[in-house]
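Undergrad: Mind having a look at this structure? Questions to follow.
Number of protein chains: 2
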Amino acid sequence: MRWEPGSRSRLQEAALALYGERGFENTTVAEIAERAGVTERTFFRHFTDKREVLFWGAGALQELLVDAVAGAPDSAAPIDAVAAALAAAAALFEQRREGSMLRQDIITANTELRERELIKLAALASGLADALRRRGVEDPAASLTGEAAIAVFKVAFERWVDTTNRLTLTQLIRDSFDELKAVTAATSPPAH
Amino acid sequence: MRWEPGSRSRLQEAALALYGERGFENTTVAEIAERAGVTERTFFRHFTDKREVLFWGAGALQELLVDAVAGAPDSAAPIDAVAAALAAAAALFEQRREGSMLRQDIITANTELRERELIKLAALASGLADALRRRGVEDPAASLTGEAAIAVFKVAFERWVDTTNRLTLTQLIRDSFDELKAVTAATSPPAH
Chain A
1 MRWEPGSRSR LQEAALALYG ERGFENTTVA EIAERAGVTE RTFFRHFTDK
51 REVLFWGAGA LQELLVDAVA GAPDSAAPID AVAAALAAAA ALFEQRREGS
101 MLRQDIITAN TELRERELIK LAALASGLAD ALRRRGVEDP AASLTGEAAI
151 AVFKVAFERW VDTTNRLTLT QLIRDSFDEL KAVTAATSPP AH
Chain B
1 MRWEPGSRSR LQEAALALYG ERGFENTTVA EIAERAGVTE RTFFRHFTDK
51 REVLFWGAGA LQELLVDAVA GAPDSAAPID AVAAALAAAA ALFEQRREGS
101 MLRQDIITAN TELRERELIK LAALASGLAD ALRRRGVEDP AASLTGEAAI
151 AVFKVAFERW VDTTNRLTLT QLIRDSFDEL KAVTAATSPP AH
């Protein structure tokens with residue numbers, strides 16, 4: 001089997017371009033392979049199917065987030081540990097805004113892909129909650145912090161890929177954490 | 001066409017019982033109809049497929065939440081408006097804990113159903129955010145409040161259907177809001 005350097009990233013680029021041009025549904029693996037200048041067999045060495053091209057990074061993202069939570073100082077509050085994890089993830093995304101925008105457009109245009117994205121985000125929330133539990137955080141604080149972090153990430157990411165946006169993802173994540181804190185604190189005292 | 005009073009609830013009961021006994025995958029519409037004492041045709045007058053039996057209430061829930069947000073006093077903070085909406089929903093669920101527990105077990109046991117549940121929850125978060133926007137709440141506050149509310153609901157609901165739980169859903173939702181507020185506030189001041 002011949003080693004084809006960069007074939008994974010060439011396949012990804014080709015797939016994103018084709019999904020953008022003719023839609024995800026109307027693109028075949030054969031066309032992606034052809035555009036990338038590799039065989040279909042090479043495609044299937046890297047990806048299970050054409051959907052996976054859009055989601056294969058989710059595992060690495062989950063690992064990065066979980067490692068960052070595990071590596072936060074013992075003194076860090078749960079929300080600080082997840083904020084540090086999101087900041088680490090944001091740093092990786094910053095260089096890829098154009099690709100992220102294209103990917104987002106493709107996902108938004110297709111119900112099945114939107115659903116897949118939601119499922120990946122839910123898995124990230126669970127992964128963060130598990131990582132917090134391993135730090136000794138109890139429930140429901142662990143689950144709520146995991147869910148809150150992913151809510152912040154989702155909202156910040158959507159703002160970041162908006163064509164009119166000029167802020168960094170790092171800044172938008174920080175803003176969204178501040179905003180979540182503000183909206184949560186704005187409640188009147190419950191009538192217990 | 002003969003009017004069959006209560007056939008919808010009989011079908012639901014029969015479906016839940018069968019899904020619990022033999023698994024969602026191994027139950028057919030014919031078996032559900034037979035157990036409920038109606039024809040398959042009656043089943044399809046009420047539900048599109050056997051999955052919909054588990055999710056048909058989602059539309060009504062969404063409507064109830066959205067109406068409650070719209071009906072909150074003008075002076076209510078966004079988080080108070082969604083908390084009032086969840087309290088209204090909780091009141092409806094309280095009488096159906098056994099059915100909710102059975103439904104939850106069925107959903108947890110099946111990947112496709114778990115995914116469907118996540119998608120319905122995401123739609124509820126969007127619906128709440130839209131309702132807040134109609135009250136003049138701006139983004140990202142509207143999106144974050146919608147997401148936070150559904151995070152609270154999800155975590156509270158999971159605790160409520162736990163066999164060891166003795167608290168009401170209303171109480172668990174209130175606790176989860178308090179807990180979310182506490183974890184969010186626990187952050188150290190950001191180094192701007």
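Protein chains in written order, with this note's numbering: chain A, 1 to 192; chain B, 1 to 192.
Quick reminder that beta carbons are idealized off the backbone N, C-alpha and C, glycines included.
Assuming Arg103/A contacts His46/A under a Cβ cut-off of 8 Å, what Cβ separation, rounded to an integer in Å, is found between them?
TA: The count along the first sequence starts at 1 and reaches residue 103/A at position 103. The count along the first sequence starts at 1 and reaches residue 46/A at position 46. At roughly 17 Å, the Cβ-Cβ gap does not stay under 8 Å, so Arg103/A and His46/A are not in contact.
Undergrad: Please confirm whether Asp74/B has its beta-carbon closer than 9 Å to some beta-carbon of chain A.
TA: Your numbering for residue 74/B matches position 74 in the second sequence. No, no contact with chain A.
Undergrad: Drop a sphere of 10 angstroms on the beta-carbon of Gln95/B, count the other beta-carbons inside from all chains shown, and report buried for 16 or more, exposed for fewer.
TA: As a first step, residue 95/B is located in the second sequence; it is residue number 95 there, counting from the start. It counts as exposed.
Undergrad: Any idea what DSSP makes of Leu167/B, helix, strand or coil?
TA: Position 167 of the second sequence, counted from the start, is the residue given in the question as residue 167/B. Coil.
Undergrad: Can you find a C-beta in chain A that's less than 9 Å from the C-beta of Ser176/B?
TA: One-based indexing of the second sequence puts residue 176/B at position 176. Closer than 9 Å to some Cβ of chain A, the Cβ of Ser176/B qualifies, so yes.
Undergrad: Kindly say whether Arg133/B, judged by its beta-carbon, lies nearer than 9 Å to any beta-carbon of chain A.
TA: Within the second sequence, numbered from 1, the residue matching residue 133/B stands at position 133. False, the Cβ-Cβ gap to chain A never drops below 9 Å.
Undergrad: Quick one: which residues of the stretch 16 to 40 of chain B get their C-beta closer than 9 Å to a C-beta of chain A? List them in chain order.
TA: Listed by position, the residues of the stretch 16 to 40 of chain B near chain A (Cβ gap below 9 Å) amount to none.
Undergrad: Please name the residue in Ala17/A, Ile32/A and Ala90/A whose C-alpha comes closest to that of Leu169/A.
TA: Counted from its first residue, the first sequence places residue 169/A at position 169. The shortest Cα separation from Leu169/A among Ala17/A, Ile32/A and Ala90/A belongs to Ala90/A.
Undergrad: Answer with buried or exposed for Ala156/A, where buried requires no fewer than 16 other C-beta atoms within 10 angstroms of its C-beta.
TA: For this step, residue 156/A is matched to residue 156 along the first sequence. Buried: at least 16 other Cβ atoms inside 10 Å.
Undergrad: Quick check: what's the CA-CA separation for Val29/A versus Gly23/A?
TA: Residue numbering aside, residue 29/A sits at position 29 when the first sequence is read from its first letter. Residue numbering aside, residue 23/A sits at position 23 when the first sequence is read from its first letter. So the alpha carbons of these two residues sit roughly 13 Å apart.
Undergrad: Name the chain B residues that come within less than 7 Å of Arg159/A, Cβ to Cβ?
TA: If you number the first sequence from 1, residue 159/A lands on position 159. Pro140, listed in chain order.
Undergrad: By alpha-carbon positions, which one of Leu18/A, Ala83/A and Gly127/A ends up nearest to Thr184/B?
TA: Here residue 184/B refers to the residue found at position 184 of the second sequence. Ranking the options by Cα distance to Thr184/B, first place goes to Ala83/A.
Undergrad: Could you tell me how far apart the beta carbons of Gly146/A and Leu16/A are, in whole angstroms, since I believe they sit closer than 8 Å?
TA: Translated into the one-based positions of the first sequence, residue 146/A becomes position 146. Translated into the one-based positions of the first sequence, residue 16/A becomes position 16. Not confirmed; about 29 Å, so no contact.
Undergrad: Against chain B, with Cβ distances strictly below 9 Å, would Asp105/A count as a contact?
TA: Working through the first sequence from its first residue, we reach residue 105/A at position 105. No - not a single Cβ of chain B is within 9 Å of the one on Asp105/A.
Undergrad: Taking only runs that begin and end inside the stretch 55 to 133 of chain A, name each unbroken alpha helix (DSSP H) of 4 or more residues, in chain order.
TA: Here the runs fully enclosed are 58 to 71, 78 to 93 and 97 to 108.
Undergrad: Classify Glu31/B as helix, strand or coil using the three-state DSSP reduction.
TA: On the second sequence, position 31 is the one that residue 31/B refers to. The answer is helix: DSSP assigns Glu31/B an H, G or I state.
Undergrad: Taking the alpha carbon of Ala142/A as the reference point, which residue from Glu63/A, Ile173/A and Leu132/A has its own alpha carbon closest?
TA: Reading the first sequence from its first residue, position 142 is the one you call residue 142/A. Taking only the C-alpha atoms, the option nearest Ala142/A is Leu132/A.
Undergrad: So for Thr48/B, helix, strand or coil by DSSP?
TA: Reading the second sequence from its first residue, position 48 is the one you call residue 48/B. In the structure shown, Thr48/B sits in coil (DSSP, three-state: anything other than H, G, I, E or B).
Undergrad: Helix, strand or coil for Gly37/B, going by three-state DSSP, please let me know.
TA: The residue given as residue 37/B occupies position 37 in the second sequence. In the structure shown, Gly37/B sits in coil (DSSP, three-state: anything other than H, G, I, E or B).
Undergrad: Please work out which residues of its chain come closer than 6 Å, Cβ to Cβ, to Ala122/B, disregarding the five sequence neighbours upstream and downstream, and give them in chain order.
TA: The residue you call residue 122/B lines up with position 122 of the second sequence. Closer than 6 Å at the Cβ level, and outside the excluded window around Ala122/B, lies no residue.
Undergrad: So, Leu18/B versus Glu31/B, is the Cβ gap smaller than 9 Å?
TA: To locate residue 18/B, count along the second sequence from 1; it is residue 18. To locate residue 31/B, count along the second sequence from 1; it is residue 31. Yes, they are a contact pair.
Undergrad: Does His192/B pass the burial test, meaning 16 or more other C-beta atoms within 10 Å, or should it be called exposed?
TA: As a working mapping, residue 192/B is identified with position 192 in the second sequence. Below a pLDDT of 50, predicted positions are generally treated as unreliable, and His192/B, at 45, falls in that range; the measurement from the model is reported next regardless. His192/B should be labelled exposed.
Undergrad: Taking Cβ positions only, does Leu273/B come closer than 9 Å to chain A?
TA: Residue 273/B falls outside the range modelled here, since chain B spans only 1 to 192, and no answer is possible.
Undergrad: Closer than 9 Å, CB to CB, is Glu115/B near chain A or not?
TA: On the second sequence, residue 115/B is found 115 positions in, with the first residue counted as 1. Yes - at least one Cβ of chain A is within 9 Å of the one on Glu115/B.
Undergrad: Which of helix, strand or coil does DSSP assign to His192/B?
TA: Here residue 192/B is taken as the residue at index 192 of the second sequence, counted from 1. Note on His192/B: pLDDT 45, under 50, position unreliable in the model; the coordinate value appears next. Here His192/B sits in coil by DSSP.
Undergrad: Go ahead and label Phe44/A buried or exposed: buried means 16 or more other beta carbons lie within 10 angstroms of its beta carbon, across all protein chains shown.
TA: Working through the first sequence from its first residue, we reach residue 44/A at position 44. The residue in question, Phe44/A, is exposed, as its Cβ has fewer than 16 Cβ neighbours within 10 Å.
Undergrad: What is the C-beta distance between Val69/A and Ala81/A, in whole angstroms, given that I count them as a contact (C-beta under 8 Å)?
TA: Taking the first sequence and counting its residues from 1, one reaches residue 69/A at position 69. Taking the first sequence and counting its residues from 1, one reaches residue 81/A at position 81. About 5 Å separates the two Cβ atoms, so the contact holds.
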